[in-house]
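Before any comments, here is the structure.
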Amino acid sequence: MPSSFPMTGKKIRLFQFLFEMLEDPRMASFISWVKPSAGIFQFSAQNKDELARIWGQFKGNKKVMTYQKLSRALRTYSRTGEITKVKRKLTYQFSLVVLRSL
DNA sequence: ATTCTAGGGAGGGATA
DNA sequence: GTATCCCTCCCTAGAA
């Protein structure tokens, strides 16, 4: 449950949203750290679509957000290196530069 | 064979 | 107007 809305202040980015969720213990059943010190995290196989739905709702999208669509955005992060895929199911890694900025 | 996860093309609203 | 950013939507392929 993000605290601020995009209408006021600058727009939140997907990776910032994910980081906030990771830092919230109540969201542990949706997304959780695998190795926090390395910025490695994973989505819950069971609740990843519910987390995506929350993201889409937060952004005010018309259609329902899904993990499939959310993960497409994560793939574009690999171009800039902000987040990369680790060779493990549903797990990704923040770059250390991004991690320090969050 | 069916379901789930990963990858990429296309396009759109917002912004510089 | 033009270019770029940051996703969103959809389709295909590969893994389980």
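Residue numbers for the first sequence follow the UniProt record's numbering, so the first one is 1 and each next one is one higher.
Backbone N, C-alpha and C define an ideal beta-carbon position, used for all residues, glycine too.
Remark: three or more beta-carbon pairs, one from each stretch, lie closer than 8 Å, so the region 34-49 and the region 80-92 are flagged as touching. For K69, the uninterrupted alpha helix (DSSP H) segment begins and ends at Y67 to T80. Apart from sequence neighbours up to five positions away, the residues of its chain that approach Y67 with a beta-carbon distance below 6 Å are K48, D49 and A52, ordered along the chain. Between N61 and R75, the alpha-carbon positions lie close to 20 Å from each other. For a cut-off of 8 Å, the C-beta gap from S78 to K85 is around 6 Å, short enough to register as a contact. Here the alpha carbon of A38 sits roughly 11 Å from the alpha carbon of V97. Rounded to whole angstroms, the separation of the alpha carbons of S29 and Q46 is 9 Å. Between R100 and K63, the alpha-carbon positions lie close to 33 Å from each other. S32 has Q42 as its beta-bridge partners, per DSSP.
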